[in-house]
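One structure is given here, and the rest of the page talks about it.
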Amino acid sequence: MAWEFRKLGPGENVAVEAQRDPFAAPKWAPPVWHMPEGLVLVVNAVRALVRTVVFLVRNIVPVSVLSGLGWLGYRYGWTVPVVVLALVAVGLVAWAVLERPSFVRWVVRPAHGWWRLVAVYRRHWQPVLVTAGLTKVHKGREYLPSLVRVRCGPTSDRVLVKMLKGQAPDAWENVTANLAHGFGAVLVRVRDGDRPGRIWLEFVRRDALAVPFPALPVPDASAVDLSGLVIGRQEDGSPWRLRLLGTHVLIAGATGAGKGSVIWSTVRALLPLMMAGLVEVWAVDPKRMELSFGRPLFERYGRYSSDPSGGMVALLEDAAADMNARAERFAGVTRSFTPSHEHPFRVIVVDELAFLTAYCPERDLRKRAESALAVLTSQGRSVGYCVIGAQQDARKEVNNLRNLFPDRIALRLDEDEQVDMVLGDGARDRGALADQISSVPEIGAGVGFVRLETTPDPVRVRAAYVSDDDIRDMVALGLPDVEAA
Ligand SMILES: Nc1ncnc2c1ncn2[C@@H]1O[C@H](COP(=O)(O)OP(=O)(O)OP(=O)(O)O)[C@@H](O)[C@H]1O
Ligand SMILES: [Mg+2]
-9 MAWEFRKLGP GENVAVEAQR DPFAAPKWAP PVWHMPEGLV LVVNAVRALV
41 RTVVFLVRNI VPVSVLSGLG WLGYRYGWTV PVVVLALVAV GLVAWAVLER
91 PSFVRWVVRP AHGWWRLVAV YRRHWQPVLV TAGLTKVHKG REYLPSLVRV
141 RCGPTSDRVL VKMLKGQAPD AWENVTANLA HGFGAVLVRV RDGDRPGRIW
191 LEFVRRDALA VPFPALPVPD ASAVDLSGLV IGRQEDGSPW RLRLLGTHVL
241 IAGATGAGKG SVIWSTVRAL LPLMMAGLVE VWAVDPKRME LSFGRPLFER
291 YGRYSSDPSG GMVALLEDAA ADMNARAERF AGVTRSFTPS HEHPFRVIVV
341 DELAFLTAYC PERDLRKRAE SALAVLTSQG RSVGYCVIGA QQDARKEVNN
391 LRNLFPDRIA LRLDEDEQVD MVLGDGARDR GALADQISSV PEIGAGVGFV
441 RLETTPDPVR VRAAYVSDDD IRDMVALGLP DVEAA
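Next comes the structure, spelled out in structure tokens:
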């Protein structure tokens, strides 16, 4: 066979290869289809149709309104839709003036939510998610998590997301900074969704707690709810409600964290019921600083003294003894407590709890205080006793009564490990960054995290700032039968 040198024609190289090595594995090339032009046109027309239908369904409300108005104009002349629009505008203004909360709820929030959905989330959804690495490409096709719903609050948006199959919330938690920058939010948090495979993304647009706010007005006695005293604000701008009935509250925060403002806001919210004789506050003030200022407000006031009959320890023991007497009386009669003049709801406020249980120099006083507190916290809940303890140090060795306080507030803490010690395991991972709260009083004092009954996720809150003048006013409001111990 004669060798021949020549340029290969198209498709010939495979045959030449086979000639060189008859045993070589055959190589297959995909056939090239030439699509008829008509078919290309049909496919594109169907795609455009599907996109239009999706757009119409997604924007069903504005599309229906516009087409309705258009139809009216076409059928009856253009003055008719103009009159209809004017009437609707007048109706909305009247609604806004007369019933503002329901107007905000049913008109402003949904409209704002729709606007944010269109102008922010849907618009930037694909580029931000691609850059943050939350999409997947498989066999050349891009899979994008879907945006289900947007809800707008006064300071934050909640976006419901259907994740990709096989994706976990962790993947989103790792890129919250990318999402925040991508969608122009201050902060993003990932919350459990309404069903598996879905999550809520919480975009904080504006920090409602950035600047301190003054003491809240003293409420009417009828508006005071011992299951939810309003003492400050939550991050979304809604009221922060603190439960006292049937629980005990521990406030943990480093020095200057604002424990005083939580205590004083609580006392202020209780004031009308204190004046009515249905609530008594007994104050224990080892440092003689925080609570002495409002001493006339307290039914009893105890401070540190080395005298063994010791003011504050005696106060706690009296409270424990009275609580036992109440428990005896109520046993088998009633299971739920309602405050009365005979049996007022008693709030025992202890500033600097750790002094009583760890730092007090007299060992005997320490033991007595600890056992009285243990009795009060373990049995007092159902008979109208509530202990509010404040302390700087959250470590276990300092306060072994900590687990007796069902409700806890973490203000600014010195170390990240203390967050879970105060709020329970996993709280910091779920967003309670109490160790990162600013130590500048204007920014961070009174700011903290709480766990509410309704959700396992910690909520950021700030207590109202009760100034010395406010306390003076509260004292001046006066209690009919003040008895300072
Ligand atoms: N809710 C608040 N808003 C704004 N500023 C506050 C608030 N609470 C406290 N502050 C400011 O922070 C300062 C310290 O607060 P506070 O005395 O309540 O701290 P603390 O936690 O009780 O500290 P310590 O453990 O040293 O007693 C206050 O003097 C006040 O200026
Ligand atoms: Mg203090």
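The sequence shown begins at -9 in my numbering and counts up one residue at a time. In this text, a Cβ means the ideal position worked out from N, Cα and C, and glycines have one as well. Bear in mind the structure is a predicted one, so any value in this text is a computation, not a measurement.
The secondary-structure analysis by DSSP pairs Arg450 across a beta bridge with Phe439.
Taking 8 angstroms as the cut-off, one finds no heavy atom of ligand 1 near enough to the beta carbon of Asp197.
When the Cα atoms are used, Leu177 and Val149 turn out to be separated by approximately 13 angstroms.
Tyr375 carries a strand assignment under DSSP once its states are collapsed to helix, strand and coil. Look at Ser251: its beta carbon is less than 8 angstroms from one of the heavy atoms in ligand 1.
From the listed residues Pro431, Phe395, Val201, Gly374, the smallest Cα separation to Arg402 is found for Pro431. Counting along the chain, no alpha helix (DSSP H) covers Leu219; the unbroken beta strand (DSSP E) around it starts and ends at 219 to 224. In this structure, Thr245 has its beta carbon less than 8 angstroms from a heavy atom of ligand 1. Inclusion of Arg398 and Leu413 in the CB contact set at 9 angstroms is warranted, their separation being smaller than that value. In the structure shown, Trp115 falls within a helical segment according to DSSP collapsed to helix, strand and coil. Two segments are said to touch when three or more pairs of C-beta atoms, one from each, lie closer than 8 angstroms; by this definition the stretch 191 to 205 touches the stretch 221 to 234.
Around Thr125, the same chain offers Leu119, Glu132, Tyr133, Leu134 as residues with beta carbons nearer than 7 angstroms, after the five sequence neighbours per side are excluded.
Within the chosen limit of 8 angstroms, ligand 1 does not reach the beta carbon of Pro229 with any heavy atom. Across the set Pro21, Val36, Val22, the C-alpha of Val36 shows the shortest separation from the C-alpha of Gly28. For Pro229, the uninterrupted beta strand (DSSP E) segment begins and ends at 229 to 232. Excluding five sequence positions before and after Leu343, the CB atoms of its chain that fall closer than 7 angstroms to its own CB belong to Gly379, Ala380, Gln381, Asn389, given in chain order. Here Ile221 has Trp230, Leu232, Val252, Ser255, Thr256, Ala259, Ala453, Ala454 as same chain residues with Cβ atoms under 7 angstroms from its own Cβ, once five neighbours each way along the sequence are excluded.
Burial check for Gly434: the Cβ neighbour count within 10 Å reaches 16 or more, so the residue is buried.
A direct Cα-to-Cα measurement between Val165 and His128 gives close to 22 angstroms. A Cβ-Cβ separation of about 5 angstroms places Pro448 in contact with Ala417 under the 8 angstroms criterion.
Around Arg358, the same chain offers Val303, Glu307 as residues with beta carbons nearer than 7 angstroms, after the five sequence neighbours per side are excluded. The criterion of a C-beta distance shorter than 9 angstroms is satisfied by Phe345 and Tyr294.
Within the same chain, no Cβ atom closer than 8 angstroms to the Cβ of Asp463 is found once the five residues on either side in sequence are excluded. For Asp341, the shortest C-beta to heavy atom distance toward ligand 2 is below 8 angstroms. Only residues of its own chain outside the window of five on either side were considered, and among them Glu270, Tyr375 have a CB closer than 6 angstroms to the CB of Arg336, listed in chain order. Cβ-Cβ distances below 6 angstroms link Gly143 to Asp226 in the same chain, with the five nearest sequence neighbours on each side left out; the list follows chain order. Between the C-alpha atoms of Met25 and Val33 there is a straight-line separation of about 11 angstroms. For the 9 angstroms CB-CB criterion, Tyr111 and Val70 do not form a contact. The alpha-carbon separation between Glu352 and Asp215 amounts to approximately 39 angstroms. Under DSSP, Gly143 shares a beta bridge with no residue. A distance of 9 angstroms or more separates the beta carbons of Leu467 and Leu219. Taking a contact as a CB-CB distance under 8 angstroms, the pair Val208 and Val274 does not count as one, their CB atoms being some 24 angstroms apart. With a cut-off of 8 angstroms, the C-beta of Glu280 is classified as near ligand 2, since at least one heavy atom of the ligand falls inside that distance. Partner residues in a beta bridge of Glu405, as assigned by DSSP, do not exist. At a Cβ-Cβ threshold of 9 angstroms, His102 and Gly172 do not count as neighbours.
Residues of the same chain with a CB within less than 8 angstroms of the CB of Thr121, apart from the 5 flanking positions on each side, are Asn168, Gly172 in chain order.
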